[in-house]
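Take a look at the structure below.
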Amino acid sequence: VGAEIGNYLSEHAAEVSSFNVVKGFLNLVVNNSVWLSVFNDVAEDKSYGISEPDSSFVDAPVLVEYSSPNTNKPLHLGHVRNNLLGYAVAEILKATGNHVKKVNLVNDRGIHICKSMLAWKKYGNGETPESSGMKGDHLVGKYYVEFDKINKEEVASLVTNGNSEEDAKKKAPVMLEAQEMLRKWEANDPETVALWQKMNTWVYAGFDTTYKMMGVDFDKMYYESQTYILGKEIVQEGLDKGVFFKKDDGSVWVDLTDEGLDQKLLLRSDGTSVYITQDLGTSRLRYQETHFSRLIYVVGNEQDYHFKVLKLALKKLGYDWWNDLHHLSYAMVDLPSGKMKSREGTVVDADELMEEMISEAKRITKELGKLDDLASDEAEQLYKTIGLGALKYYILKVDPEKRMMFNPEESIDFNGHSGPFIQSAYVRCRSVMRKGDSVTSLKNYKDFDPSFYNALENKERDLLKNVLRYPEVLDEAAERFSPAVIANYVYELAKAYNGFYHEHAVVDAENVEASLFRLKLTEQTARVLKMALALLGINVPERM
RNA sequence: GCACCCGUAGUUCAAUGGAUAGAAUGACAGAUUCCGAUUCUGUUGGUUGUGGGUUCGAGUCCCGCCGGGUGCACCA
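With my numbering as the guide, the letters of the first sequence map in order to residues 14 to 557.
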């Protein structure tokens with residue numbers, strides 16, 4: 014039966030690009046070429062499209078919202094986890110046939126931006142990214158820190174002059190000025206808005222560089238300055254329907270005590286919106302825009318409660334899509350010194366982190382000295398591939414909902430259970446394939462009939478099993494929204510290949526059939542490794 | 001105080017309720033001298049925080065306790 018399927022698919026290879034299980038045989042059909050299994054354990058028939066999305070999903074996309082930075086400071090390690098997760102989840106859902114849109118909701122307004130603006134205005138002397146050579150987001154971040162320093166000094170001196178700590182915080186002159194600035198911004202004061210636009214432009218240029226280096230992208234950007242007014246009609250709608258209620262002071266609330274939660278404010282007494290008002294508004298806007306089948310928020314687990322409230326409020330309003338919202342909640346990253354706190358300067362900056370990983374890759378590669386003939390631009394590209402591969406793998410292999418320990422001192426693994434280990438297995442495959450290509454007697458395997466190979470040896474069987482598991486693993490990763498499932502699988506596969514490679518000669522096998530079989534197996538291993546790593550945003554080099 | 005999340009080898013992490021809880025790292029011993037040694041094989045290391053319960057079967061589900069974290073703003 015295996016041979017029959019194989020012959021059929023061989024003739025139709027150009028059209029096929031999917032995985033499927035037929036009559037208990039699992040077939041791996043990728044990139045217009047065919048490999049078929051000779052055994053498997055899967056009983057039920059199933060197809061896995063990986064090229065064309067199912068047309069029924071096109072009008073009901075899955076939206077994945079991630080990154081969501083504030084524009085007052087650069088991205089740090091926590092954002093890195095967020096971005097890598099969001100990107101990988103989006104790619105995994107794409108690979109399982111969903112139509113996916115990646116979106117970013119940038120927090121470009123509020124008191125924190127005003128703090129940076131104020132400090133820059135007072136002490137910046139017109140400094141720009143061009144004049145200082147600083148990345149825009151770092152420059153703006155510098156003035157945010159500056160503000161904080163001055164604010165602290167002022168509070169301290171107020172306290173020594175007999176004010177209570179609480180009063181001092183309210184009375185500090187710079188803080189009052191920042192609040193005044195926010196009011197001006199909201200009143201559309203031209204000068205303030207111009208400064209706000211100028212500094213945000215700097216920040217976006219900086220973010221773009223970071224995103225590009227990280228390898229993440231977005232199909233659509235939303236900005237809070239445009240969305241923060243949304244949601245007020247929804248609140249009114251809730252009042253009309255009698256599911257929200259108004260207190261005497263005019264503030265609007267939702268009562269979720271019947272769901273085991275509390276009462277939650279939805280609109281301030283002065284009629285202005287709060288965080289959740291906006292999220293109510295944007296979620297409905299997005300539903301109207303896209304009729305999404307799912308809306309996935311990649312947001313830290315400190316907001317678990319917020320998203321519970323959001324969903325239940327929408328449920329009370331009678332929107333039947335309330336349960337299509339999903340909060341992909343991830344835990345924070347710990348440093349050996351404890352928690353990351355931006356005020357205490359214990360954050361790990363994303364740009365610096367990536368640079369360090371790349372130079373570490375460079376150091377190790379040079380030490381091994383295998384690639385001294387590589388052109389320098391190719392070499393730089395390679396260091397980037399390895400360094401970022403190590404970083405991304407290190408972060409993504411951990412289950413999102415678990416806290417993870419990040420030790421910058423000991424740095425990240427380049428050996429063992431690591432990105433470069435897997436990359437090097439791929440490179441080894443490619444090396445073997447090149448060798449196979451150079452042997453003319455092996456080049457033409459059109460007539461190759463794999464059915465002869467019924468007696469697999471242990472390491473071959475082990476490798477084959479791992480290769481064929483890929484579709485199931487992909488399914489599981491998509492179901493659980495967990496890139497870690499892919500990451501751990503791809504490691505098993507790389508290990509299986511190394512074991513196989515060590516045990517069996519491929520190009521110089523006992524006979525031509527064995528060589529052909531093992532070459533095919535090598536080729537498919539390389540393909541799956543490359544595809545699976547791509548879902549994690551990890552590239553593979555041809556040499557390393 | 002109330003709510004939610006997490007506790008697995010020394011360390012960093014795995015394990016759709018299912019076989020003897022697995023890797024990596026560290027230490028030690030060995031193999032391959034090659035189609036790529038960032039390799040492979042072995043030894044070492046566990047009362048899965050703890051006490052009960054459900055189940056034919058629990059690291060996984062339920063309850064209590066201990067430890068760590070987060071949330072409970074007319075901030076976002």
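Beta carbons are placed, not taken as given, at the ideal position from N, Cα and C, and that holds for glycine.
ask   = What are the boundary residues of the alpha helix (DSSP H) that includes residue 382?
value = Walking along the first sequence from the start, residue 382 turns up at place 369. Note, residue 382: premise wrong, no alpha helix (DSSP H); not H, not E.
request  = With DSSP as the reference, label residue 27 as helix, strand or coil.
outcome  = Reading the first sequence from its first residue, position 14 is the one you call residue 27. Only weak support exists for where residue 27 lies, its pLDDT of 44 falling under 50; the value from the coordinates is given anyway. Helix, per DSSP.
inquiry  = Using 8 angstroms for Cβ pairs, my map puts residue 406 next to residue 499. What's the rounded Cβ distance?
reply    = Numbered from 1 along the first sequence, position 393 holds the residue referred to as residue 406. Numbered from 1 along the first sequence, position 486 holds the residue referred to as residue 499. Not confirmed; about 10 angstroms, so no contact.
query = So what does DSSP say about residue 49, is it helix, strand or coil?
reply = On the first sequence, residue 49 is found 36 positions in, with the first residue counted as 1. Below a pLDDT of 50, predicted positions are generally treated as unreliable, and residue 49, at 39, falls in that range; the measurement from the model is reported next regardless. Residue 49 carries a strand assignment under DSSP once its states are collapsed to helix, strand and coil.
query = Is the beta carbon of residue 260 sitting closer than 8 angstroms to the one on residue 286?
reply = Counting from one through the first sequence, the residue named residue 260 turns up at place 247. Counting from one through the first sequence, the residue named residue 286 turns up at place 273. Not in contact: residue 260 and residue 286 (Cβ atoms no closer than 8 angstroms).
ask   = How do the segment 406-422 and the segment 520-533 stand: do at least 3 beta-carbon pairs fall below 8 angstroms, yes or no?
value = Note that the segment 406-422 does not touch the segment 520-533; fewer than 3 beta-carbon pairs, one per stretch, sit closer than 8 angstroms.
ask   = Cα-Cα, which of 344, 325 and 341 is closest to residue 335?
value = Translated into positions along the first sequence, residue 335 becomes position 322. Ranked by Cα distance from residue 335, the options 344, 325 and 341 are led by 325.
message = Give me, in chain order, the residues of the same chain whose beta-carbon lies closer than 7 angstroms to that of residue 522; leave out the 5 immediate sequence neighbours on both sides.
response = Position 509 of the first sequence, counted from the start, is the residue given in the question as residue 522. If the five residues before and after residue 522 are omitted, its C-beta is found closer than 7 angstroms to the C-beta atoms of 528 and 531, all from its own chain and listed in chain order.
key: Test item: CB-CB of residue 363 and residue 93 under 8 angstroms   = Within the first sequence, the letter at position 350 stands for residue 363. Within the first sequence, the letter at position 80 stands for residue 93. Contact: yes.
query = From which residue to which residue does the beta strand (DSSP E) around residue 296 run?
reply = Locating residue 296 in the first sequence gives position 283, where the first residue counts as 1. Not the beta strand (DSSP E): residue 296 falls in the alpha helix (DSSP H), residues 288-303.
task = Drop a sphere of 10 angstroms on the beta-carbon of residue 218, count the other beta-carbons inside from all chains shown, and report buried for 16 or more, exposed for fewer.
result = One-based indexing of the first sequence puts residue 218 at position 205. In the assembly as shown, residue 218 is an exposed residue. Its beta-carbon has fewer than 16 other beta-carbons within 10 Å.
ask   = What is the rounded straight-line gap between the Cα of residue 557 and the Cα of residue 400?
value = Locating residue 557 in the first sequence gives position 544, counting from the first residue. Locating residue 400 in the first sequence gives position 387, counting from the first residue. Taking C-alpha positions only, residue 557 is separated from residue 400 by approximately 12 angstroms.
task = Starting from the Cα of residue 161, find the closest Cα among 140, 139, 141 and 126 and give me that residue.
result = Residue numbering aside, residue 161 sits at position 148 when the first sequence is read from its first letter. The residue with the shortest Cα to Cα distance from residue 161 is 126.
request  = Please work out which residues of its chain come closer than 6 angstroms, Cβ to Cβ, to residue 132, disregarding the five sequence neighbours upstream and downstream, and give them in chain order.
outcome  = For the purposes of this step, residue 132 is taken as residue 119 along the first sequence, with counting starting at 1. Cβ contact annotation for residue 132 (same chain, cutoff 6 angstroms, sequence separation greater than five): 156, 159 and 160, in chain order.
key: Start and end residues, alpha helix (DSSP H) containing residue 143   = As a position in the first sequence, residue 143 is number 130, starting the count at 1. Boundaries of the alpha helix (DSSP H) harbouring residue 143: 142-145, taken from the DSSP string.
message = Could you check if residue 197 belongs to the surroundings of the ligand GTP, using beta carbon to heavy atom distance under 7 angstroms?
response = For the ligand GTP, the structure offers nothing, since it holds no ligand at all.
request  = Tell me, please, which residues DSSP counts as bridged to residue 347.
outcome  = To locate residue 347, count along the first sequence from 1; it is residue 334. Beta-bridge pairing links residue 347 to 418.
message = What does the Cβ neighbour count give for residue 524, buried or exposed, with the cut at 16 atoms within 10 Å?
response = Residue numbering aside, residue 524 sits at position 511 when the first sequence is read from its first letter. The Cβ neighbour count for residue 524, taken over all protein chains shown within 10 Å, is under 16; the residue is labelled exposed.
task = Measure the C-alpha to C-alpha separation of residue 169 and residue 153 and round it to an integer number of angstroms.
result = In the first sequence, the residue the question calls residue 169 occupies position 156. In the first sequence, the residue the question calls residue 153 occupies position 140. Rounded to whole angstroms, the separation of the alpha carbons of residue 153 and residue 169 is 25 angstroms.
query = Does the Cβ-Cβ distance between residue 506 and residue 553 come in under 8 angstroms?
reply = In the first sequence, counting from the first residue as 1, residue 506 sits at position 493. In the first sequence, counting from the first residue as 1, residue 553 sits at position 540. Taking 8 angstroms as the Cβ cut-off, residue 506 and residue 553 do not qualify as a contacting pair.
query = What number of angstroms, rounded off, separates the C-alpha of residue 88 from the C-alpha of residue 398?
reply = Start at 1 with the first residue of the first sequence, and residue 88 comes out as number 75. Start at 1 with the first residue of the first sequence, and residue 398 comes out as number 385. Take the alpha-carbon of residue 88 and the one of residue 398: they are about 20 angstroms apart.
ask   = Do residue 75 and residue 113 have their CB atoms nearer than 8 angstroms?
value = Numbered from its first residue, the first sequence carries residue 75 at position 62. Numbered from its first residue, the first sequence carries residue 113 at position 100. Yes, the pair counts as a contact, with Cβ atoms nearer than the cut-off.
ask   = Comparing alpha-carbon positions, which option in 442, 254 and 451 lies nearest residue 539?
value = Taking the first sequence and counting its residues from 1, the one referred to as residue 539 is at position 526. Minimum Cα-Cα distance from residue 539 among the listed residues 442, 254 and 451 corresponds to 442.
ask   = Which two residues bound the contiguous beta strand (DSSP E) that contains residue 234?
value = Within the first sequence, numbered from 1, the residue matching residue 234 stands at position 221. Start and end: 233-236.
message = With a threshold of 8 angstroms, are at least 3 pairs of Cβ atoms found where one atom belongs to the segment 468-477 and the other to the segment 487-502?
response = Because the criterion of three Cβ pairs below 8 angstroms is not met, the segment 468-477 and the segment 487-502 do not touch.
message = Taking 8 angstroms as the cut-off, does the segment 208-227 touch the segment 253-273 (at least 3 CB pairs, one atom from each stretch)?
response = They do not touch, by the three-pair rule.
task = Assuming residue 520 contacts residue 452 (C-beta within less than 8 angstroms), just tell me the rounded distance between them.
result = Taking the first sequence and counting its residues from 1, one reaches residue 520 at position 507. Taking the first sequence and counting its residues from 1, one reaches residue 452 at position 439. Yes, residue 520 and residue 452 are in contact; Cβ-Cβ is about 6 angstroms, under 8 angstroms.
ask   = Which residues does DSSP pair with residue 396 in a beta bridge?
value = Counting from 1 along the first sequence, the entry for residue 396 is found at position 383. BP columns for residue 396 are empty, so no partner.
query = From what residue to what residue does the alpha helix (DSSP H) around residue 204 run?
reply = Residue mapping note: residue 204 aligns to position 191 of the first sequence, counting from 1. Note, residue 204: alpha helix (DSSP H), 203-227.
Sequence-distant residues of the same chain with beta carbon closer than 6 angstroms to residue 545, five excluded per side = Translated into the one-based positions of the first sequence, residue 545 becomes position 532. Cβ within range, chain order: 499 and 503.
request  = Count the other CB atoms, across all protein chains shown, that sit within 10 Å of the CB of residue 191; report buried if there are 16 or more and exposed otherwise.
outcome  = Counting from 1 along the first sequence, the entry for residue 191 is found at position 178. With 16 or more other Cβ atoms within 10 Å, it is buried.
key: Segment limits, alpha helix (DSSP H) that includes residue 78   = Residue numbering aside, residue 78 sits at position 65 when the first sequence is read from its first letter. Bounds of any alpha helix (DSSP H) do not take in residue 78; it lies within the beta strand (DSSP E) bounded by 75-78.
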